[in-house]
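What follows is one structure encoded as structure tokens, with my remarks underneath.
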């Protein structure tokens, strides 16, 4: 495993000394008022750095070695591995003090809503109007309905045909996993923990698709010595799935990952499913930081030349996708067994001994494994430096502010009357300017925020009502080109009749729409939302800068200010709203229901009405006369077109409604909450300068000997700050573009 060398002890020492410095400053009347902001910052900084994880996603198709990579990386048999599908849900892994598995279960509402959505679109002859909108799998009758539906669908629409398979599998997993999870799932999301000796039980959940159906998230905390506490590694599900919901979950994690390790089996090389998945993540712009591993099965290859040939083929295939791969060929299982030789079975020990006899292949694999670890470590170190950069930078701003105050206090305690008068005047100006700017913020913020809301509203209107970026136009064009193999669908429909065949046409249409949205629409929406959030951040940063103007008059300590506050440390940019934290506090989420294909009773009626009496008569006649040669392909094609056109109308309404909900229930609350946070932060900022109060008055009446005592303490504090800044400097000198 790659060991990440990080000066954690240095960071801890810096934070401890910073806390001590601020505590000392707090004992000096008027120097540090108010102190709450500093204390709050120091309390949160460790948690913030710990929560800002470097996310590493391990992906690939089934049987490519993803779980083996995770085990080899961590140096222990942590996640279940083996042939076939053994990872049923993405499993996140972080460093912990002891073995602990936290399984977050879905709520009953979420489970029922997913099943209900499928039931309501099922053929009438399957459910026969029995599915109510308050379906609840906990009820015996509703489970019987689900079981009946599953049996009918599997008998009529074989799962291996693919069109209805995702939903069929979901129903099966829901039914088969119900008894095992019914007592654990609650009305709200709940967390189940396995610790110590029970820790291994988590494998029974992550490898069982029936139980995984009820699970929302799994995170393992393990006391691995060399695992950096700022790293999270995720063992993702196989990317072969044609189920858009499973692909969506995998891609959702990849969107927020920092690094990706893509495993490829040397037995097969790049498969068609690999190519399809890589095209998807490339289209979404997620290939910036990716390593490819040609996972060599040493049992399958007789010579090193065979391994090199497969490696060359993989490299060529990746280049065809426009990818310049960082590709490394080595055996994940060889590495894993070599890490834990005393813990593997006798059979695996014999396999290891057999592989080690293949000197050339093993030497090549070891060489490429070392190369991978070095490149991997370099990439991680670059990201890790940036995780530390921001909080250390902010701490340096706090210390620079305190240094400025100390210089003023030194003058305040000076035996020279001119310096004392200058300090008094500066303190008075700080107080007056802070009060004036606080009043300005109070009076002008509301109008400024209304202007931002109107600006965001304009962009939302252009996007969703004027279709500025052509999202609606593109999906309409895509739908117009979608065609169906009617004869194949008729074969899949078996003996379910006309409605059953129409249902299969709709399910194929729904699957294609979901994949198109996943690949083409969601990246555009993500980009649009990010742009608006950047506008919000930029707006409040600029507003804060405008309120900092002339807070420290140019004729008072201006040279000192220029000397201790370099351009990139100017406190004008001190305020940067953390929208992620604000969204968590508010609980705001993006709207749902965009481009969701529907097969409602109204659509069914319109489709049937389009056939006319003659067509229906021919259909009934064909049922009575098996020798009938009447073809219903034209009628089914017409039905397919009707399903498309009806959904095109629905999509337009959904797109506009999404824009309305995004503006009303996402951006507006976000802006209002950020404005409240802004007022609090600016008030704290202004109060930092309002140091003139009753406590400072006492210094004006002190004897010179008493002033010298205070001055000695203040100068000692200044020296401590200077030493502390020397410790911080390496962290804040990291180039921003380092990767």
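Numbering (my numbering), first residue to last: 37 to 775.
Think of the CB as a built atom: it goes at the ideal place given N, C-alpha and C, for glycine as much as any other residue.
All of these numbers come straight from a predicted model, not from anything done at the bench.
Reduced DSSP category for residue i - H, G, I as helix; E, B as strand; rest coil
i, result
"residue 436", "helix"
"residue 52", "helix"
"residue 234", "helix"
"residue 325", "coil"
"residue 600", "Residue placement at residue 600 cannot be trusted, given a pLDDT of 40 that sits under 50; the coordinates are not used to answer."
"residue 626", "coil"
"residue 519", "coil"
"residue 595", "Residue placement at residue 595 cannot be trusted, given a pLDDT of 46 that sits under 50; the coordinates are not used to answer."
"residue 365", "strand"
"residue 47", "helix"
"residue 226", "strand"
"residue 95", "strand"
"residue 137", "strand"
"residue 699", "helix"
"residue 197", "With a pLDDT of 47 at residue 197, under the threshold of 50, the modelled position of that residue is not reliable, and the figure given next carries that caveat. Of the three classes helix, strand and coil, the one that applies to residue 197 here is helix, per DSSP."
"residue 330", "strand"
"residue 90", "strand"
"residue 62", "helix"
"residue 208", "helix"
"residue 115", "coil"
"residue 458", "helix"
"residue 776", "The shown model of the chain, from 37 to 775, leaves out residue 776, and the question about it has no answer."
"residue 359", "coil"
"residue 68", "coil"
"residue 608", "The pLDDT assigned to residue 608 is 39, lower than 50, so where the model puts this residue is not dependable; a value taken from the coordinates is nonetheless given after this. Of the three classes helix, strand and coil, the one that applies to residue 608 here is helix, per DSSP."
"residue 441", "helix"
"residue 631", "coil"
Minimum C-alpha distance to residue i - residue among the options
i, options, result
"residue 273", "639, 53, 117", "117"
"residue 517", "681, 571, 276", "681"
"residue 510", "335, 756, 557, 449", "557"
"residue 419", "264, 99, 624", "264"
"residue 409", "523, 362, 247, 271", "362"
"residue 135", "144, 245, 115, 145", "115"
"residue 290", "268, 207, 716", "268"
"residue 26", "757, 98, 505, 575", "Shown here, the chain extends from 37 to 775; a query on residue 26 therefore has no answer."
"residue 446", "253, 743, 524", "743"
"residue 540", "551, 550, 522", "522"
"residue 344", "385, 398, 496, 326", "398"
"residue 54", "762, 757, 223, 766", "757"
"residue 796", "351, 65, 622, 365", "Residue 796 is absent from the structure shown; the chain starts at 37 and stops at 775."
"residue 190", "323, 255, 208", "208"
"residue 98", "221, 214, 293, 300", "300"
"residue 204", "154, 381, 698", "154"
Start-to-end residues for the alpha helix (DSSP H) that takes in residue i
i, result
"residue 129", "Run containing residue 129: none in the alpha helix (DSSP H); it sits in the beta strand (DSSP E), 127-131."
"residue 310", "308-319"
"residue 758", "740-768"
"residue 371", "368-375"
"residue 347", "340-356"
"residue 218", "Residue 218 -> no alpha helix (DSSP H), and no H or E assigned at all."
"residue 147", "144-155"
"residue 110", "102-110"
"residue 392", "382-392"
"residue 642", "637-645"
Per-residue burial, residue i [other beta carbons within 10 Å of its own, 16 or more giving buried]
i, result
"residue 372", "buried"
"residue 703", "buried"
"residue 21", "As displayed, the chain neither begins before 37 nor continues past 775, which places residue 21 out of reach and without an answer."
"residue 210", "buried"
"residue 407", "exposed"
"residue 454", "exposed"
"residue 131", "buried"
"residue 129", "buried"
"residue 377", "exposed"
"residue 356", "exposed"
"residue 346", "buried"
"residue 487", "exposed"
"residue 314", "buried"
"residue 694", "buried"
"residue 801", "As displayed, the chain neither begins before 37 nor continues past 775, which places residue 801 out of reach and without an answer."
"residue 127", "buried"
Legend entry - Runs of alpha helix (DSSP H) lying entirely within the segment 240-310, each at least 4 residues, in chain order: 245-248, 280-291
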